[in-house]
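Trainee: One structure follows; several queries about it will come next.
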Amino acid sequence: MFERNSFLAPNVFTVKKRMRIVMYAMLAIALCITGRLFHLQLFRHEQYSSQAERTIYNYLAEDRLRGGIFDVNGRSLAESVRTHSCGIVKRYVKDKNATIDFLAQTLGISKNQINEQWKKHKNFFFVAKKIKPDVYMELAGVQRKALGQGMELTPEYERIHPFGQSAIDILGEANSKNVGLSGIEQMYNEEMTQDISKKRAKRSARGDIIYDRHLKDKVNVGNVYLTIDQTAQFYTERALAKAVELNHPQHAIAVVQDPHTGNILAAASYPAKDGQSLAFQFTYEPGSTFKGIVIAAAIDSGTVAPNAVVDMEHRNWEVAKGFVVRDKQHNKDYLSLAEILQLSSNIGAGKIALEIGGKTLFSYFKAFGFGSKTDINFNGESKGSVSPYSTWTKVDLATKGYGYGVAVTPIQLITAYSAIANGGELMQPHLVDRIEYTGGKVEKKAKPVKIRRVLSKETAQTMRALLQTVVEVGSGKRAQIKGYNVAGKTGTAEKLSKEGGYAKRNHVVSFCGMVPATDPQFTILIILDNPEKYAFGSTAAAPVFKEIAEPLLVMKAVAPDQLDF
Amino acid sequence: MKQLIILLICCVIGFIVTFIHVGISRTGRVVSKLQQEVAVKEARNQYEQLEIARLSGPQVITSFAAQELGLVQAKPHEIFVLDAK
Numbered sequence: 251m252f253e254r255n256s257f258l259a260p261n262v263f264t265v266k267k268r269m270r271i272v273m274y275a276m277l278a279i280a281l282c283i284t285g286r287l288f289h290l291q292l293f294r295h296e297q298y299s300s301q302a303e304r305t306i307y308n309y310l311a312e313d314r315l316r317g318g319i320f321d322v323n324g325r326s327l328a329e330s331v332r333t334h335s336c337g338i339v340k341r342y343v344k345d346k347n348a349t350i351d352f353l354a355q356t357l358g359i360s361k362n363q364i365n366e367q368w369k370k371h372k373n374f375f376f377v378a379k380k381i382k383p384d385v386y387m388e389l390a391g392v393q394r395k396a397l398g399q400g401m402e403l404t405p406e407y408e409r410i411h412p413f414g415q416s417a418i419d420i421l422g423e424a425n426s427k428n429v430g431l432s433g434i435e436q437m438y439n440e441e442m443t444q445d446i447s448k449k450r451a452k453r454s455a456r457g458d459i460i461y462d463r464h465l466k467d468k469v470n471v472g473n474v475y476l477t478i479d480q481t482a483q484f485y486t487e488r489a490l491a492k493a494v495e496l497n498h499p500q501h502a503i504a505v506v507q508d509p510h511t512g513n514i515l516a517a518a519s520y521p522a523k524d525g526q527s528l529a530f531q532f533t534y535e536p537g538s539t540f541k542g543i544v545i546a547a548a549i550d551s552g553t554v555a556p557n558a559v560v561d562m563e564h565r566n567w568e569v570a571k572g573f574v575v576r577d578k579q580h581n582k583d584y585l586s587l588a589e590i591l592q593l594s595s596n597i598g599a600g601k602i603a604l605e606i607g608g609k610t611l612f613s614y615f616k617a618f619g620f621g622s623k624t625d626i627n628f629n630g631e632s633k634g635s636v637s638p639y640s641t642w643t644k645v646d647l648a649t650k651g652y653g654y655g656v657a658v659t660p661i662q663l664i665t666a667y668s669a670i671a672n673g674g675e676l677m678q679p680h681l682v683d684r685i686e687y688t689g690g691k692v693e694k695k696a697k698p699v700k701i702r703r704v705l706s707k708e709t710a711q712t713m714r715a716l717l718q719t720v721v722e723v724g725s726g727k728r729a730q731i732k733g734y735n736v737a738g739k740t741g742t743a744e745k746l747s748k749e750g751g752y753a754k755r756n757h758v759v760s761f762c763g764m765v766p767a768t769d770p771q772f773t774i775l776i777i778l779d780n781p782e783k784y785a786f787g788s789t790a791a792a793p794v795f796k797e798i799a800e801p802l803l804v805m806k807a808v809a810p811d812q813l814d815f
Numbered sequence: 006m007k008q009l010i011i012l013l014i015c016c017v018i019g020f021i022v023t024f025i026h027v028g029i030s031r032t033g034r035v036v037s038k039l040q041q042e043v044a045v046k047e048a049r050n051q052y053e054q055l056e057i058a059r060l061s062g063p064q065v066i067t068s069f070a071a072q073e074l075g076l077v078q079a080k081p082h083e084i085f086v087l088d089a090k
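Protein chains in written order, with the working numbering: chain A, 251 to 815; chain B, 6 to 90.
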């Protein structure tokens, strides 16, 4: 019998031992798998889940919400719609031809076009921008597949204006990242936008972009409601476009204001450029439309009685040595205030200005708001120019009487005429009615604010009657509207020439009026700057007033104020 | 043996935690996908709404009325305004 020597005996694996070894091995494998899963799920979860959801992260990355712009009745004028741009990172594309085929077919672009871009750019190029949701879904569908490798879908926004270029000079522009660049878009950028995620991206080994995101809890963007009425804006733009086609001016402006509230109902510019509204930025010498302001100042200050007559000095008035003012449009020796306005007499207005005196006239100009911004808060608003009266010579004073030597903006002039229309109160003009936040807060911006009384009620009423005669029998006949009394004043002003003095061929024609004259609901100003052919305020601008006013009267259901028509 | 059992329990717990996490992630992905679909549909709806706004705007209505229906815009004096009183 052999004795078992445990020391010398070879290693014998018993069944029990073997089982234990197998178990340990299995346990080690299980531990490895569990450990790896643990590692993947708990420590590398973000990376992999981001990778898996990269389309979503793409969608949310650099998200900046932007409110819309609406007219006073809630019609949408500008709204942001989420779209995508599609770019290609060349080095990550697996199958060039297949990718190009797919993109060409999906995006409706020619293959040659994409190939040209491919050759032109070293590494990255955009294939298409502002991709609509349906197409985006098709592209996103292949993103995780080989076909979609190297394809980048980046979120961006399309700012849509349902009415095209209508009021674009006021609205301005916002870019694809929802940032306002001009006009109302820029002015109310802070109120209208909110960043809801911040972009943090890295590229994985396969070339995919992995975004991280940070979302804010509350969304609170503002929707800006303008005082503009889209229908009034349409009629105004239509009439102005017609006038532009007829007269080919360098610039053209039409503004409609509610004289009782100061709200701007419509403002059109030609040429219409993003955020460059000429209603607030254009300055010009108003010419004869300013006579209405000067005569109002004369009556209100008691300098001239409404029934006064002015000596025409045989229509050749030497203001100072070497400076003669002539009236060629009439042959009368004396003119009443009404006739001065009807015939647009420079002698009459100049003499009245001298009668008022520099100091008083200057104080009226300032009271009407000339020479200072209206605080309508439009970017680039001009304040015009009225020099201090202490610098005025006799000639300066006389010429200011008929609207030369002062520079005004359309918004200043229409607001001044609105004061005549509403009974003598200068109202704060408004362009923004309110801001409504998604959280429910409403910020009212266009509360009627009386800046000051500039004319007595009686003076304002007298002026309306005088201006009414301009349309009835004077230069403003073409602004007549059947059934309605219209009050207004035409203007034809020569422009300053570069060589000095005034250019005979370059001029600004205008008409500023109100309707119905007995209780004005609209004040309308039309300006045509430098028409191609020589024109007058009476022939070129007054008909535009009629063209704008007629549909507005229908729209607002304003009853006629003439009894017999 | 006792240690082995503890290890086995740890493994089982590990597996359970992992599977729960996988489940959560999967649900998260489904939610994200649905959110994406909602966002796309919202964008599509927004486009439609804006198109409706354009079509119901004065530009389109006026030109349609004049060109297609031969309507002529009434002059203000042709309209009778009834007093609500």
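Just so it is clear, CB atoms sit at the ideal spot from N, CA and C, and this is done for glycine as well.
From a predicted model like this one, the values you see are computed outputs, not experimental measurements.
Who are K783 (chain A)'s beta bridge partners in DSSP?
Mentor: Here residue 783 (chain A) refers to the residue found at position 533 of the first sequence. DSSP, once it has assigned bridges, lists no residue as partnering K783 (chain A).
Trainee: So which residues on chain A does A79 (chain B) lean against when the C-beta distance must stay under 7 Å?
Mentor: In the second sequence, counting from the first residue as 1, residue 79 (chain B) sits at position 74. Result: V804.
Trainee: Within 8 Å of any Cβ in chain E, is that where the Cβ of P412 (chain A) sits?
Mentor: Considering every chain present, this structure includes no chain E. Its protein chains are A and B.
Trainee: Could you check whether D321 (chain A) and G433 (chain A) sit closer than 8 Å to each other, using their CB atoms as the reference points?
Mentor: Here residue 433 (chain A) is taken as the residue at index 183 of the first sequence, counted from 1. Here residue 321 (chain A) is taken as the residue at index 71 of the first sequence, counted from 1. No, the Cβ-Cβ distance between G433 (chain A) and D321 (chain A) is not below 8 Å.
Trainee: Counting only Cβ pairs nearer than 9 Å, list the residues of chain B close to G358 (chain A).
Mentor: Looking up residue 358 (chain A) in the first sequence gives position 108. Those within 9 Å of G358 (chain A) in chain B number zero; the least Cβ separation is about 17 Å.
Trainee: Could you tell me the distance, in whole angstroms, from the CA atom of I445 (chain A) to the CA atom of R728 (chain A)?
Mentor: Position 195 of the first sequence, counted from the first residue, corresponds to residue 445 (chain A). Position 478 of the first sequence, counted from the first residue, corresponds to residue 728 (chain A). Strictly speaking, residue 445 (chain A) in this sequence is Asp, with Ile absent from that position. Those two C-alpha atoms are separated by around 53 Å.
Trainee: Does the beta-carbon distance from T333 (chain A) to I381 (chain A) come in below 8 Å?
Mentor: In the first sequence, counting from the first residue as 1, residue 333 (chain A) sits at position 83. In the first sequence, counting from the first residue as 1, residue 381 (chain A) sits at position 131. In contact: T333 (chain A) and I381 (chain A) (Cβ atoms closer than 8 Å).
Trainee: Just reading off the alpha helix (DSSP H) that F20 (chain B) is part of, what are its end residues?
Mentor: Counting from 1 along the second sequence, the entry for residue 20 (chain B) is found at position 15. Note, F20 (chain B): alpha helix (DSSP H), 7 to 60.
Trainee: Short of 8 Å in beta carbon distance, which residues of its chain neighbour R755 (chain A), apart from the five on each side in sequence? Order them along the chain.
Mentor: Numbered from 1 along the first sequence, position 505 holds the residue referred to as residue 755 (chain A). Cβ within range, chain order: Y784.
Trainee: Who are the Cβ neighbours of D583 (chain A) in its own chain at under 6 Å, not counting the five residues just before and after it?
Mentor: Along the first sequence, one-based indexing puts residue 583 (chain A) at 333. Once the five neighbours on either side are set aside, the close Cβ partners of D583 (chain A) are M562.
Trainee: Classify N425 (chain A) as helix, strand or coil using the three-state DSSP reduction.
Mentor: Residue 425 (chain A) sits at position 175 when you count from the first residue of the first sequence. Of the three classes helix, strand and coil, the one that applies to N425 (chain A) here is coil, per DSSP.
Trainee: So with Cβ pairs under 8 Å, would you call P810 (chain A) a contact of chain B?
Mentor: Reading the first sequence from its first residue, position 560 is the one you call residue 810 (chain A). True, the Cβ-Cβ gap to chain B drops below 8 Å.
Trainee: For L9 (chain B), which residues in chain A fall below 9 Å Cβ to Cβ?
Mentor: In the second sequence, counting from the first residue as 1, residue 9 (chain B) sits at position 4. Within 9 Å Cβ-Cβ: R270, M273, Y274, L277.
Trainee: Is L39 (chain B) close to chain A, meaning its C-beta is less than 8 Å from at least one C-beta of that chain?
Mentor: Against the second sequence, residue 39 (chain B) aligns to sequence position 34. Chain A, which has no Cβ nearer than 8 Å to the Cβ of L39 (chain B), makes this no.
Trainee: Less than 8 Å between the beta carbons of V723 (chain A) and T742 (chain A), yes or no?
Mentor: If you number the first sequence from 1, residue 723 (chain A) lands on position 473. If you number the first sequence from 1, residue 742 (chain A) lands on position 492. Taking 8 Å as the cut-off, the beta carbon of V723 (chain A) is found no closer than this to the beta carbon of T742 (chain A).
Trainee: Going along chain A, which residues have a C-beta under 7 Å from T32 (chain B)?
Mentor: Along the second sequence, read from residue 1 onward, the residue named residue 32 (chain B) stands at position 27. Those within 7 Å of T32 (chain B) in chain A number zero; the least Cβ separation is about 12 Å.
Trainee: Which full runs of the alpha helix (DSSP H) of 4+ residues lie inside the stretch 524 to 606 of chain A, going along the chain?
Mentor: Fully enclosed alpha helix (DSSP H) runs of 4 or longer: 528 to 531, 541 to 550, 587 to 592, 596 to 606.
Trainee: Using alpha carbons as the reference points, say which of A:G398, A:R565, A:Y342 lies closest to D351 (chain A).
Mentor: The sequence position of residue 351 (chain A) within the first sequence is 101, counting from 1. Answer by Cα proximity: A:G398.
Trainee: Compare the Cα-Cα distances from K707 (chain A) to each of A:T768, A:E686, A:H580, A:A648 and report the closest residue.
Mentor: Along the first sequence, one-based indexing puts residue 707 (chain A) at 457. Closest by alpha carbon: A:T768.
Trainee: How about V656 (chain A) and E535 (chain A): do their beta carbons lie closer than 8 Å?
Mentor: Within the first sequence, numbered from 1, the residue matching residue 656 (chain A) stands at position 406. Within the first sequence, numbered from 1, the residue matching residue 535 (chain A) stands at position 285. A contact, by the Cβ cut-off of 8 Å.
Trainee: Is there a Cβ from chain B that is less than 8 Å from the Cβ of T284 (chain A)?
Mentor: In the first sequence, counting from the first residue as 1, residue 284 (chain A) sits at position 34. Yes - at least one Cβ of chain B is within 8 Å of the one on T284 (chain A).
Trainee: Run through chain B and tell me which residues come within less than 7 Å of S326 (chain A), C-beta to C-beta.
Mentor: Counted from its first residue, the first sequence places residue 326 (chain A) at position 76. L55, A58, listed in chain order.
Trainee: Could you give the distance in angstroms between the alpha-carbon of G651 (chain A) and the alpha-carbon of I731 (chain A)?
Mentor: Here residue 651 (chain A) is taken as the residue at index 401 of the first sequence, counted from 1. Here residue 731 (chain A) is taken as the residue at index 481 of the first sequence, counted from 1. Taking the straight line joining both Cα atoms gives about 29 Å.
Trainee: Do M805 (chain A) and A671 (chain A) have their beta-carbon atoms positioned less than 8 Å apart in this structure?
Mentor: As a first step, residue 671 (chain A) is located in the first sequence; it is residue number 421 there, counting from the start. As a first step, residue 805 (chain A) is located in the first sequence; it is residue number 555 there, counting from the start. Cβ atoms of A671 (chain A) and M805 (chain A): not closer than 8 Å.
Trainee: Tell me the residue span of the alpha helix (DSSP H) that contains Q436 (chain A).
Mentor: Mapped onto the first sequence, residue 436 (chain A) falls at position 186. That run of the alpha helix (DSSP H) goes 433 to 437.
Trainee: What residues in its chain sit with their C-beta under 7 Å from that of R325 (chain A), if we drop five residues either side in the sequence?
Mentor: Within the first sequence, the letter at position 75 stands for residue 325 (chain A). For R325 (chain A), where only same-chain residues beyond five positions count, the Cβ hits under 7 Å are Q480.
Trainee: First and last residue of the alpha helix (DSSP H) that includes P383 (chain A)?
Mentor: Residue numbering aside, residue 383 (chain A) sits at position 133 when the first sequence is read from its first letter. It spans 383 to 391 - the alpha helix (DSSP H) in which P383 (chain A) sits, taken as one unbroken run.
Trainee: CB-CB under 7 Å to E800 (chain A), same chain, minus the five flanking residues each way: which ones, in chain order?
Mentor: Reading the first sequence from its first residue, position 550 is the one you call residue 800 (chain A). Excluding residues within five positions, the ones whose Cβ falls inside 7 Å are I731.
Trainee: Using DSSP with H/G/I as helix, E/B as strand and the rest coil, what is I702 (chain A)?
Mentor: The count along the first sequence starts at 1 and reaches residue 702 (chain A) at position 452. It should be noted that the sequence gives Arg, not Ile, for residue 702 (chain A). DSSP places R702 (chain A) in strand when its eight states are reduced to three.
Trainee: Which residue from A:M437, A:F772, A:E440, A:V544 puts its Cα closest to that of N735 (chain A)?
Mentor: Looking up residue 735 (chain A) in the first sequence gives position 485. The option with the nearest alpha carbon to N735 (chain A) is A:F772.
Trainee: Is there a Cβ from chain B that is less than 8 Å from the Cβ of F772 (chain A)?
Mentor: As a working mapping, residue 772 (chain A) is identified with position 522 in the first sequence. No - not a single Cβ of chain B is within 8 Å of the one on F772 (chain A).
Trainee: Could you check where the alpha helix (DSSP H) with F69 (chain B) kicks off and where it finishes?
Mentor: Working through the second sequence from its first residue, we reach residue 69 (chain B) at position 64. F69 (chain B) -> alpha helix (DSSP H) spans 63 to 72.
Trainee: By the DSSP assignment, the alpha helix (DSSP H) with R286 (chain A) in it spans what residues?
Mentor: Working through the first sequence from its first residue, we reach residue 286 (chain A) at position 36. Counting along the chain, the alpha helix (DSSP H) containing R286 (chain A) begins and ends at 265 to 288.
Trainee: Inspect the CB distances between the stretch 560 to 579 of chain A and the stretch 687 to 698 of chain A and report whether three or more fall short of 8 Å.
Mentor: no
Trainee: Along the chain, where does the alpha helix (DSSP H) containing R714 (chain A) start, and where does it finish?
Mentor: Against the first sequence, residue 714 (chain A) aligns to sequence position 464. Element bounds for R714 (chain A): 707 to 723.
Trainee: Taking 8 Å as the CB-CB limit, is M442 (chain A) close to chain B?
Mentor: Residue 442 (chain A) sits at position 192 when you count from the first residue of the first sequence. Output row for M442 (chain A): interface = no.
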